[in-house]
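Below: one structure, written as structure tokens.
Number of protein chains: 2
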Amino acid sequence: MLLSKSCVYGLRASLYLASRTDGEYVPIKKMSDKLEISFHFLTKILQQLTAEGIMESFKGPNGGIRLNRNGNNVYLMDIVLAIDGSQLLTECALGLPGCGTKNPCPLHDKWAKTRDSIRVMLEETSLTELVKKGKAENLRLTTDGGFDILFQD
Amino acid sequence: MLLSKSCVYGLRASLYLASRTDGEYVPIKKMSDKLEISFHFLTKILQQLTAEGIMESFKGPNGGIRLNRNGNNVYLMDIVLAIDGSQLLTECALGLPGCGTKNPCPLHDKWAKTRDSIRVMLEETSLTELVKKGKAENLRLTTDGGFDILFQD
DNA sequence: GTATATTAAGATAAAAGAGTCTCAATAACA
DNA sequence: TGTTATTGAGACTCTTTTATCTTAATATAC
Chain A
9 MLLSKSCVYG LRASLYLASR TDGEYVPIKK MSDKLEISFH FLTKILQQLT AEGIMESFKG
69 PNGGIRLNRN GNNVYLMDIV LAIDGSQLLT ECALGLPGCG TKNPCPLHDK WAKTRDSIRV
129 MLEETSLTEL VKKGKAENLR LTTDGGFDIL FQD
Chain B
9 MLLSKSCVYG LRASLYLASR TDGEYVPIKK MSDKLEISFH FLTKILQQLT AEGIMESFKG
69 PNGGIRLNRN GNNVYLMDIV LAIDGSQLLT ECALGLPGCG TKNPCPLHDK WAKTRDSIRV
129 MLEETSLTEL VKKGKAENLR LTTDGGFDIL FQD
């Protein structure tokens, strides 16, 4: 698995939040219902993203979570790094510690190239870009149902 | 993590075997010592690869494991599929079941492209190619030490 | 045939990842 | 001020992966 399950859930939740343009807090419970993710599990993941400053939270009635972008776009890489760390982008394909251009394994060069294409994809893809596409083509963020059903209250 | 630890160990062992051109069986114990992998764990992994027909084994004194290539080259993809299965190459980046060109998630297109570059790399890289490179440049297959130390008895 | 070197197979254990539960803290509002 | 809606934090459980241990099966050689 490329990304951990936590990370995948984090991405889905981020996309959901990014599509809410009103800037209001969304309760985690609502998100977990819509996205079909366990409430408590999602809560933990969002706590991480909040701690990293990617989201901000507010307690109490009318509270919830929202993106904290200060006008800046959020990229997939931001989420992945916050949850899974940089492992995917640095690790040796043969699991050798300290593998790099200095002291490589036989697979290093090829793997570094492949890894780079993953990195570029994550770095260059923004939440807003995917939301735009998702809305335009009514794509899905859950097992069944299109993008739109997420936003019917 | 892109590949499971079992798969990584399987790749290292495969490279080790591919570098032994004499066609003799290599005892797992010797391999596990050289490659610094737990003997019992490696045994299980090699059992899988033997079951898949990628290697062949022989019991008793002078027994061990060797590649069963019948003159054919083995590619990284063979090992990965045998141990980790096709998950990596088919799975949706957002974890949605049945995600594909028919019913995609917003990330599907981009991820399919990235996934493809991983697939191509695994499909096009052969053990012999890596062994050749490893020998020529004395690269490593273990934490420390070059390719050559593996083959001093 | 008996001892020895090896893989095969299954049981068990330890560690990590995924998921659940409970209670505390905070904020709104009646 | 008390009730309710929410996030925060920690303990706990379940599952999968990783690793170890034990015993059986098989082949060789004396």
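Sequence lines, in order, name chains A and B. Start counting at 1 in the first sequence, then tack on 8, and there's your number in my numbering. Start counting at 1 in the second sequence, then tack on 8, and there's your number in my numbering. All residues carry an ideal CB built from backbone N, CA and C; glycine is no exception.
- Around Ile126(B), the beta-carbon contacts reaching into chain A at under 7 angstroms are Thr122.
- When Cβ-Cβ separations below 8 angstroms define contact, Val34(A) makes no contact with chain B.
- Chain A places no beta carbon closer than 8 angstroms to that of Gly93(B), leaving this residue out of the contacts.
- In the pairwise beta carbon analysis, the stretch 24-31 of chain B is classified as not touching the stretch 102-109 of chain A: fewer than three pairs are separated by under 8 angstroms.
- Residues Ala90 of the same chain have their beta carbon placed closer than 7 angstroms to that of Glu60(B), with the five preceding and five following residues left out of the count.
- Per DSSP, Phe49(B) lies in no beta strand (DSSP E) segment; the continuous alpha helix (DSSP H) that holds it begins and ends at 47-59.
- Looking only at Gly142(B), Leu75(B), Thr98(B), the smallest Cα-Cα distance to Gln55(B) is reached by Leu75(B).
- Contact between Thr151(A) and Pro114(B) does not hold, since their C-beta atoms are separated by about 15 angstroms, which reaches or exceeds 8 angstroms.
- Beta-bridge partners assigned by DSSP to Met63(B): Leu75(B).
- In this structure, the alpha-carbon of Met85(B) lies about 10 angstroms from that of Leu97(B).
- Beta bridge pairing from DSSP links Val82(A) with no other residue.
- Linking Ala120(B) to Ile36(B) through their CA atoms gives a straight-line distance of about 38 angstroms.
- Close partners of Leu138(B) in chain A (Cβ separation under 8 angstroms): Pro114, Leu115.
- Listed as beta-bridge partners of Val16(B) by DSSP are no residues whatsoever.
- Residues of the same chain with a CB within less than 6 angstroms of the CB of Ser22(A), apart from the 5 flanking positions on each side, are Ile87, Leu135 in chain order.
- Closest in C-alpha terms to Lys140(A), from the list Ser40(A), Val16(A), Leu25(A), comes Leu25(A).
- Contact note: Val16(A) reaches chain B through Ala101, Leu102, Gly103, using a C-beta cutoff of 8 angstroms and chain order.
- Secondary-structure assignment with DSSP links Ser134(B) through a beta bridge to Tyr83(B).
- Check the Cα spacing between Ile73(A) and each of Lys52(A), Leu138(A), Glu44(A), Cys100(A): the tightest is with Lys52(A).
- No residue range can be given for Leu147(B), since it is assigned to no alpha helix (DSSP H) and is classified by DSSP as neither H nor E.
- As computed with DSSP, Val34(B) is found in a beta bridge with Ile73(B).
- Distance check between Asn81(A) and each of Asn146(A), Gly71(A), Lys143(A), Thr133(A) places Thr133(A) closest, using alpha-carbon atoms only.
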